[in-house]
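Visitor:
Numbering (this note's numbering), first residue to last: 5 to 488.
In structure tokens form, the structure reads like this:
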């Protein structure tokens, strides 16, 4: 079929071509009563076309109707190979990150900002049990929504895999499929069911943006792809010494060969990128040169001696096994029993969720009108004082430093501050104490009730058993579904 403006394809009318690629053609299209701009993707199906792109189109046509949320284009309609295959979706405005590759390197703060947006988008996708498997700058679109908030929209799901559906690509092909600079080591071995593969690819993207170089080059052979198993990348700060330690720590953690050594979830990666001051610096942050010949040789023998990476990566992906837990602590309320109950609840949650991270949060109430002094009556910094108090509160939990973060929020609205922090950081489980027994009982009760009603995560309100218990209030303990 010769494509031209005005041609009718299904219920859609071709308006103008937007892109002619090797695998597909993109057209702006319209239909009667259309409410938003539409984009049609028509795969190349001529003689000699690769089978992978035809199977990839079928994969995308199968997945797109199942995807929801602000980080994917809205699905509109499709046609199969019986007539003219096509896929119609919302035309999302905004550039991809691909043009940034012409302006490298990018400032560290911007790398972190874009990385956090991309990680939040991947977190949303992984919660829908889909692994993208082709994360790269040209598939990350920066879009400003109607609310004015910038977010990353993921595009091109031709290589993706839904963890509860047959993997058409894996069934038909037995070679690594993807864009070679971004393919995770386990993908080289044929493993396509691990969401952490997307974090490796995002790490490659962040490395490239921050340094101007690709960590593993652009290999064009199986042998070249396998080098990433035993040849580590040049540390980013060796190429750009001005890069902060925390950014190198984050990037190199994403690029670990073993998926278990990477971030367990995209939400945890986004959390570190949004809170660099909380990143625990280790050997990765200090590294200034790649491994020597002897260590590289050991890795080579390890890789060819056993398939430990493949064995671990072939397990079901950890999309919801490593939650972010927030415990809201009222430092003004002196209630030993409630503190102990909070700690016990948090410990149970963390112990039953391998890899869970805990954010200890308190809200420093500010005036709605006027200026607040940052010093207390003794001249001590109020913010620092509360940070120290949070650390003291968490000491009894005996959690490793890399699983703990501490946050002092400032707001005149305690409930809204907690709700916004939970939403902005993709918190999975929020734990807080029930209202106290002091004169501020009513105020604290309203805070917990509002958080329960409005927080978009599982919320547990802990109440201490009293000798003469007060009547239970609706919403004292609520457990919403973990997946959103």
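Backbone N, C-alpha and C define an ideal beta-carbon position, used for all residues, glycine too.
1. Rank 214, 225, 269 and 62 by C-alpha distance to the C-alpha of residue 247 and give the top, closest one.
2. Pick out whichever of 261, 114 and 8 has its Cα sitting closest to the Cα of residue 237.
3. So, helix, strand or coil for residue 368, using DSSP?
4. Give the range of the alpha helix (DSSP H) segment to which residue 27 is assigned.
5. Write down the C-beta distance between residue 80 and residue 93 rounded to the nearest angstrom, noting that I regard them as a contact closer than 8 angstroms.
6. Check whether the region 292-302 touches the region 340-347, taking contact to mean three or more Cβ pairs, one atom from each stretch, closer than 8 angstroms.
7. With DSSP as the reference, identify every bridge partner of residue 45, one or two as the case may be.
8. For the beta strand (DSSP E) that contains residue 284, what are its first and last residues?
9. Where do the N-terminal and C-terminal ends of the beta strand (DSSP E) with residue 414 fall, by residue?
10. Can the beta-carbon of residue 120 be found less than 8 angstroms from the beta-carbon of residue 289?
11. For residue 436, report the span of its beta strand (DSSP E) as first-last.
12. Spatial neighbours of residue 177 within its chain, please: CB distance less than 7 angstroms, with the 5 preceding and 5 following residues excluded, ordered by chain position.
13. What is the C-beta distance between residue 29 and residue 21, in whole angstroms, given that I count them as a contact (C-beta under 8 angstroms)?
14. Between the Cα of residue 163 and those of 175, 7 and 152, spot the shortest distance and give me the residue it belongs to.
15. The alpha helix (DSSP H) with residue 208 in it runs from where to where?
16. Closer than 8 angstroms, CB to CB, is residue 228 near chain B or not?
17. Closest by CA to residue 130, which one among 7, 172 and 70?
18. Give the secondary structure of residue 10 by DSSP, where H, G and I count as helix, E and B as strand, and everything else as coil.
19. Determine contact between the region 107-121 and the region 210-229, defined as no fewer than three beta-carbon pairs at a distance below 8 angstroms.
20. Pull up the distance between the alpha-carbon of residue 292 and that of residue 276, whole angstroms please.
21. Between the Cα of residue 206 and those of 454, 183, 194 and 436, spot the shortest distance and give me the residue it belongs to.
22. Taking 8 angstroms as the limit between beta carbons, can you name the residues of its chain near residue 7, skipping five residues before and five after?
Guide: To lay it out plainly:
1. Comparing Cα-Cα distances from residue 247 to each of 214, 225, 269 and 62, the minimum goes to 214.
2. Put simply, of 261, 114 and 8 the residue whose alpha carbon is nearest the alpha carbon of residue 237 is 261.
3. Strand at residue 368.
4. Counting along the chain, no alpha helix (DSSP H) covers residue 27, and no H or E run does either.
5. Between residue 93 and residue 80 the Cβ distance is about 6 angstroms, and since that is below 8 angstroms, they are a contact.
6. Per the Cβ contact rule, the region 292-302 is not in contact with the region 340-347 (fewer than 3 Cβ pairs under 8 angstroms).
7. Secondary-structure assignment with DSSP links residue 45 through a beta bridge to 30 and 91.
8. Premise fails: residue 284 is in no beta strand (DSSP E) and is neither H nor E.
9. 408-415 is the span of the beta strand (DSSP E), which, as asked, contains residue 414.
10. For residue 120 and residue 289, no; Cβs fall outside 8 angstroms.
11. Unbroken beta strand (DSSP E) run through residue 436: 433-437.
12. Taken in chain order, the residues that qualify are 56.
13. Correct: roughly 7 angstroms between the Cβ atoms.
14. Closest in alpha carbon position to residue 163, among 175, 7 and 152, is 175.
15. 200-215 is the span of the alpha helix (DSSP H), which, as asked, contains residue 208.
16. You won't find chain B in this structure, because it holds only one protein chain.
17. Answer by Cα proximity: 70.
18. Coil.
19. Touching, per the Cβ criterion.
20. About 22 angstroms.
21. Of 454, 183, 194 and 436, the residue nearest in Cα terms is 183.
22. Excluding residues within five positions, the ones whose Cβ falls inside 8 angstroms are 18, 21, 29, 31 and 46.
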